[in-house]
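Participant: The working numbering runs 93 ahead of the 1-based position in the sequence shown.
In this text, a Cβ means the ideal position worked out from N, Cα and C, and glycines have one as well.
One structure, as structure tokens, below. Some questions next.
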Amino acid sequence: MFTNYLKVAWRNLVRSKWAGAINILGLAIGITASLLLFMVVQYEMSFDKFQSHYNEIYRVVSKDKYPDGYDYNPGVNNPVPDAIAADNLPFGEVVPVKSAYNTQVNLYKDAAEVGIPDKYEIDYTFYTTPDFADLFDLEFAIGDIQRLSDPNQIILTKKTAEKFFGNWKLAENKTLEFSSGLNLTVGGIVENIPDNSNMFFDMLVSYQTVRSNPGIYDHDLESWGSLGSDNQLYVSLAESTDVASAQAALDGFTKKNFEGRGNSEKSLILQPYKDIHFDQQYGSISGSVTRLSTVNTLVIIGLFILVMASINFVNLATSRAIGKGKEIGVRKVMGSTKTQIIFQSFGETFLSVLIAALIGVMGATLLLPFLSLIADVPEKMDFFQPIVLTFIGILIIALTILSGFYPALVISKFKPIHALKSKFHQGQVGGVSIRKALVVVQFTIAQILMISTIIAIQQMKMVQDADLGFTKDHVYYIEVPFDSEDERRIEYFKQEILSNPSVVTASLASDVPASDNNSLFNFYFDGKSEDVPFPAFTKFGDEKYFETYGIEFVAGGPYQVSDTIREVVINETMAKRLLIEDPNDAIGKQFRLGFMKEWATITGVIKDFTVNSLRDEIKQLVIAPKKDFYHVVGLKLDQNASLASIANFEESFEKTYPEQIYHGYFLDESIQEFYESEQKLALLFKIFAAISILISCIGLYGLVSFMISQKVKEIGIRKVLGASVSQITFLLTREYFIMVLLAFLIAVPIAYWMMERWLENFAFKISFSIGLFVVVMICSLLITGLTVGSKAIKSALANPVDSLSDE
94 MFTNYLKVAW RNLVRSKWAG AINILGLAIG ITASLLLFMV VQYEMSFDKF
144 QSHYNEIYRV VSKDKYPDGY DYNPGVNNPV PDAIAADNLP FGEVVPVKSA
194 YNTQVNLYKD AAEVGIPDKY EIDYTFYTTP DFADLFDLEF AIGDIQRLSD
244 PNQIILTKKT AEKFFGNWKL AENKTLEFSS GLNLTVGGIV ENIPDNSNMF
294 FDMLVSYQTV RSNPGIYDHD LESWGSLGSD NQLYVSLAES TDVASAQAAL
344 DGFTKKNFEG RGNSEKSLIL QPYKDIHFDQ QYGSISGSVT RLSTVNTLVI
394 IGLFILVMAS INFVNLATSR AIGKGKEIGV RKVMGSTKTQ IIFQSFGETF
444 LSVLIAALIG VMGATLLLPF LSLIADVPEK MDFFQPIVLT FIGILIIALT
494 ILSGFYPALV ISKFKPIHAL KSKFHQGQVG GVSIRKALVV VQFTIAQILM
544 ISTIIAIQQM KMVQDADLGF TKDHVYYIEV PFDSEDERRI EYFKQEILSN
594 PSVVTASLAS DVPASDNNSL FNFYFDGKSE DVPFPAFTKF GDEKYFETYG
644 IEFVAGGPYQ VSDTIREVVI NETMAKRLLI EDPNDAIGKQ FRLGFMKEWA
694 TITGVIKDFT VNSLRDEIKQ LVIAPKKDFY HVVGLKLDQN ASLASIANFE
744 ESFEKTYPEQ IYHGYFLDES IQEFYESEQK LALLFKIFAA ISILISCIGL
794 YGLVSFMISQ KVKEIGIRKV LGASVSQITF LLTREYFIMV LLAFLIAVPI
844 AYWMMERWLE NFAFKISFSI GLFVVVMICS LLITGLTVGS KAIKSALANP
894 VDSLSDE
């Protein structure tokens with residue numbers, strides 16, 4: 094019976110090639126888009142679920158309460174891991190993980206370690222203990238985790254070992270040298286960590302290495318005031334311990350060790366490991382972090398596209414039902430039951446969906462390599478995973494039911510006597526009001542995506558064109574290693590660079606004006622012994638910092654040449670928070686960071702500039718000279734600077750730092766990287782808004798074409814009676830314009846609500862204007878006019894003799 098249904102369905106499909114092609118094309122586009130979106134969503138939702146203790150791991154994070162707000166940090170103070178273990182808190186495993194990024198590894202060609210080494214840069218390095226393997230799954234190919242009990246031991250992933258030695262089997266007991274001069278012995282090789290992990294690493298180094306080399310790592314395990322995001326702590330709960338009791342014990346530990354320290358109220362919080370991937374507040378130690386709202390947006394867009402494709406099918410299928418009247422009438426007279434006719438209709442729908450799914454799978458497979466351009470996914474992904482194939486099967490069934498239910502119900506209700514005599518018209522088939530409602534839904538979705546796209550584009554344009562408070566164009570910066578106390582290489586390198594005629598000015602600093610750095614310290618002001626009840630965000634730079642980056646002063650000026658902090662500059666926000674109304678009143682005031690013994694003098698107040706990204710509020714900032722922290726050489730370039738100049742910078746660097754890897758960047762390009770995820774989301778909106786419009790136009794064109802074909806004689810009669818082309822065109826298109834306007838009224842509040850929530854991620858954002866919505870409305874009307882109007886005009890211009898000749 095089922096085979097017979099499919100045979101009849103195939104014959105009907107072949108007989109109505111044009112209508113079938115429109116249906117299949119709309120469904121195929123929808124399925125292709127949905128499959129690609131599913132790949133992104135599935136990847137984001139799969140993070141770390143391969144870990145066997147995924148639901149049992151917790152990260153201890155820090156929350157500091159100040160009088161005017163909170164500060165959140167994914168790390169813990171240096172002594173916390175040892176102190177928690179010593180206090181026997183109700184935890185099973187206590188695992189410190191200290192992270193390092195872009196670690197340079199040197200390999201010498203001979204054992205004597207002479208000459209220039211082969212230099213490698215490794216993305217993620219973790220310093221940890223053997224207990225790491227009790228929380229996180231590791232599969233060893235060589236060695237075991239106990240090698241991390243000793244100092245100067247390192248474990249590599251297979252990929253990293255092959256990068257160093259060509260063959261991972263040759264790596265055991267080999268010696269690596271970090272750029273700091275530290276030598277480490279390879280004690281083990283583990284299988285590569287999957288990309289979908291927020292505990293992704295390339296190298297594991299023993300935590301004892303940090304303990305044994307305090308001079309290299311500057312990691313004081315006794316300093317309760319030291320807090321950094323690179324020093325994280327992961328735990329599991331002791332047997333028979335619940336989260337509430339473990340948190341209560343941690344609260345007691347916090348009170349015992351932090352009460353009375355610093356100027357904040359400290360909290361240590363247990364964060365479930367499974368929440369890390371979607372937590373923008375604390376972030377992750379490695380791997381990407383995604384807003385859950387972004388994933389939900391992708392799901393909604395996927396559903397929107399599928400619903401639109403199904404609406405196309407339903408509208409065209411119910412409109413075509415007149416052409417099947419006699420077939421259904423004959424079937425009923427011959428004894429077919431209502432159930433059999435419904436199954437026959439579903440058979441036709443299933444065949445169309447199946448063909449569309451095959452086309453969609455082929456389309457998605459071809460487009461998959463380009464998916465990383467619009468989403469944070471790996472360049473290579475396995476499309477034919479069990480979960481994807483299961484989704485395809487569910488999608489086929491769901492679309493068959495969603496697209497086939499209403500047409501099957503309509504056809505099954507045909508009365509044989511009316512069907513055989515064709516005693517019904519379009520108004521009686523499938524409910525005109527329902528079809529119109531579906532068109533309204535379709536254009537509502539399309540206009541929601543259009544509005545969202547324009548808002549996302551405008552926000553990204555605002556970000557690109559925003560006045561950040563400093564000069565980002567024609568600024569180039571080079572990262573250099575820290576000088577030791579007896580070294581002056583950074584000064585020598587600066588002078589070498591300044592000899593290049595394309596360099597206008599140069600500055601040494603801890604970092605550029607806008608970066609992801611958030612160094613903060615407690616501080617004292619105006620000679621008072623109590624520290625100020627909020628921290629100072631800090632950057633260190635020489636006296637040329639302000640000139641190089643075009644930072645303007647509103648009062649005073651830069652400090653004098655110095656290698657240590659004798660004078661400082663603050664920003665407007667800092668002055669306001671110190672209750673200084675007139676910036677000139679800040680000049681000459683005393684200022685001291687928490688680690689300083691002597692007071693410094695404020696020499697100037699600068700205009701506020703964007704310290705991180707436009708997602709964040711302007712922060713209270715102090716800039717001071719301190720040579721020990723300089724590792725960035727910033728260059729203001731002449732507008733005529735060429736690539737040859739950049740090559741000269743690299744040549745000078747290699748002469749000064751032969752053992753180091755060169756890193757140079759244009760400031761404007763590095764700032765754009767802050768908004769990579771938003772840029773990709775804006776691009777995604779553009780693509781899927783275009784897809785939604787395409788699907789709408791395909792369906793609308795097919796529906797209008799069929800509806801007009803049913804009105805050929807009516808149009809002929811009207812022309813004979815004197816109706817003009819414009820009158821007939823207006824008659825045929827009027828209801829569609831009304832439906833588009835109704836859809837616009839529904840789409841506006843929905844899109845407004847959605848994008849208002851998205852813009853909450855930015856401290857600086859655009860405001861909505863009426864003009865934005867008017868543009869979308871006009872575009873929608875134009876698209877509808879082109880789609881419907883072209884067909885309507887063609888019909889209105891037809892010779893009435895042709896349409897009435899058989900009467």
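For histidine 724, which of helix, strand or coil comes out of DSSP?
Facilitator: The answer is coil: DSSP assigns histidine 724 none of H, G, I, E or B.
Participant: Answer with buried or exposed for glutamine 373, where buried requires no fewer than 16 other C-beta atoms within 10 angstroms of its C-beta.
Facilitator: Exposed.
Participant: Could you pull the start and end residues of the alpha helix (DSSP H) that alanine 668 belongs to?
Facilitator: Segment 665–670, the alpha helix (DSSP H) holding alanine 668.
Participant: By DSSP, does histidine 567 sit in helix, in strand, or in coil?
Facilitator: DSSP places histidine 567 in coil when its eight states are reduced to three.
Participant: Would you kindly report the start and end of the unbroken beta strand (DSSP E) that includes isoleucine 699?
Facilitator: Counting along the chain, the beta strand (DSSP E) containing isoleucine 699 begins and ends at 693–699.
Participant: According to DSSP, simplified to helix, strand and coil, what is glycine 809?
Facilitator: In this structure, glycine 809 counts as helix in the three-state DSSP scheme.
Participant: For the beta strand (DSSP E) holding proline 189, just list the boundary residues, first then last.
Facilitator: Unbroken beta strand (DSSP E) run through proline 189: 184–200.
Participant: Rounded to a whole number of angstroms, what is the C-alpha to C-alpha distance between tyrosine 151 and threonine 302?
Facilitator: Cα to Cα, the separation comes out at about 25 Å.
Participant: Buried or exposed: where does valine 522 fall if 16 or more other Cβ atoms within 10 Å of its Cβ makes it buried?
Facilitator: Low local confidence applies: a pLDDT of 46 at valine 522 is under 50, so the model's placement there is unreliable, and no value is given.
Participant: Alpha carbon to alpha carbon, how far is threonine 483 from threonine 880? Give it in angstroms, no decimals.
Facilitator: Taking the straight line from one Cα to the other gives about 37 Å.
Participant: On the criterion of 16 or more Cβ atoms from any shown chain inside 10 Å, does proline 694 qualify as buried, or is it exposed?
Facilitator: First, the amino acid is wrong: residue 694 is threonine here, not proline. It is exposed - the Cβ of threonine 694 has fewer than 16 other Cβ atoms within 10 Å.
Participant: Which value, in whole angstroms, describes the spacing of the CA atoms of alanine 215 and tyrosine 570?
Facilitator: The residue asked about is misnamed: residue 215 is isoleucine in this sequence, not alanine. So the alpha carbons of these two residues sit roughly 21 Å apart.
Participant: Mind checking proline 751: buried by the 16 CB within 10 Å criterion, or exposed?
Facilitator: Under this definition proline 751 is an exposed residue.
Participant: Out of Tyr794, Gly815, Ser789, Tyr220, state which residue places its alpha-carbon closest to the alpha-carbon of alanine 402.
Facilitator: Considering only alpha carbons, the answer is Ser789.
Participant: Going by beta-carbon coordinates alone, are threonine 546 and lysine 806 separated by less than 8 Å?
Facilitator: No. Outside cutoff.
Participant: Rounded C-beta distance between threonine 696 and glycine 649? I'm assuming under 8 Å.
Facilitator: Going by Cβ atoms, the distance from threonine 696 to glycine 649 rounds to 5 Å, so yes, they are a contact pair.
Participant: Taking the Cβ atom as the reference point for each residue, do valine 833 and phenylalanine 397 lie within a distance shorter than 8 Å?
Facilitator: Cβ atoms of valine 833 and phenylalanine 397: not closer than 8 Å.
Participant: With the cut-off set at 8 Å, would you say leucine 363 and isoleucine 124 are in Cβ contact?
Facilitator: Their beta carbons are not under 8 Å apart, which means leucine 363 does not touch isoleucine 124 by this criterion.
Participant: Near phenylalanine 742, which residues of its chain fall below 8 Å by C-beta distance, leaving aside the five closest residues on each side in sequence?
Facilitator: Tyr569, Ile571, Ile590, Asn593, Leu728, Gly757.
Participant: One question on the structure: do isoleucine 801 and serine 888 come within less than 8 Å of each other, judged by their Cβ atoms?
Facilitator: Contact flag set, yes.
Participant: As a quick exercise: from Val198, Leu672, Ser192, Lys529, pick the residue whose alpha carbon is nearest that of asparagine 405.
Facilitator: The candidate whose alpha carbon is nearest that of asparagine 405 is Lys529.
Participant: Between lysine 516 and isoleucine 494, what straight-line distance do the alpha-carbon atoms span, to the nearest angstrom?
Facilitator: Low confidence applies here, because lysine 516 scores a pLDDT of 49, under 50, leaving its location unreliable; read the following figure in that light. Going from the Cα of lysine 516 to the Cα of isoleucine 494 covers about 29 Å.
Participant: Decide yes or no for the touch test of the region 463–482 against the region 144–158: beta carbon pairs closer than 8 Å, at least 3 of them.
Facilitator: Too few Cβ pairs lie closer than 8 Å, so no.
Participant: Would you list the residues sitting across from valine 596 in a DSSP beta bridge?
Facilitator: DSSP output for valine 596 lists Leu730 as bridge partner(s).
Participant: Please classify tryptophan 846 as buried or exposed, where buried requires at least 16 neighbouring CB atoms within 10 angstroms.
Facilitator: By the 10 Å Cβ count, tryptophan 846 comes out exposed.
Participant: In this structure, what does DSSP give as the bridge partners for glutamate 572?
Facilitator: DSSP lists Val725, His756 as partners of glutamate 572.
Participant: Going by DSSP, what residue range makes up the beta strand (DSSP E) through isoleucine 247?
Facilitator: Here the beta strand (DSSP E) through isoleucine 247 covers 246–250.
Participant: Spatial neighbours of lysine 251 within its chain, please: C-beta separation below 8 Å, excluding the five flanking residues on both sides.
Facilitator: The answer, listed in chain order, is Ala234, Trp261, Ile282, Val283, Glu284, Asn285.
Participant: If we count the other Cβ atoms within 10 Å of its Cβ and call it buried at 16 or more, is isoleucine 831 buried or exposed?
Facilitator: When all chains shown are included, isoleucine 831 counts as exposed.
Participant: To the nearest angstrom, how far is it from the Cα of histidine 518 to the Cα of leucine 409?
Facilitator: Confidence at histidine 518 is low in this model, with a pLDDT of 49, below 50, so its placement is unreliable and the value that follows should be read with caution. Rounded to the nearest angstrom, the two C-alpha atoms are 15 Å apart.
Participant: Could you check the C-alpha separation between asparagine 324 and glycine 168 for me, to the nearest Å?
Facilitator: Whole-angstrom Cα-Cα distance: 5 Å.
Participant: Closest by CA to proline 462, which one among Tyr220, Leu824, Val133, Leu399?
Facilitator: The candidate whose alpha carbon is nearest that of proline 462 is Val133.
Participant: What residues are listed by DSSP as bridge partners for phenylalanine 616?
Facilitator: Its beta-bridge partners are Leu686.
Participant: Could you check whether the region 547–555 touches the region 698–706, counting it as contact only if at least three pairs of C-beta atoms, one from each stretch, sit closer than 8 Å?
Facilitator: With a cut-off of 8 Å, the region 698–706 and the region 547–555 do not count as touching, because too few Cβ pairs lie within range.
Participant: With a threshold of 8 Å, are at least 3 pairs of Cβ atoms found where one atom belongs to the region 557–569 and the other to the region 772–787?
Facilitator: The region 557–569, when compared against the region 772–787, does not touch it at the 8 Å Cβ threshold.
Participant: From serine 290 to serine 379, what distance separates their C-alpha atoms?
Facilitator: Those two C-alpha atoms are separated by around 8 Å.
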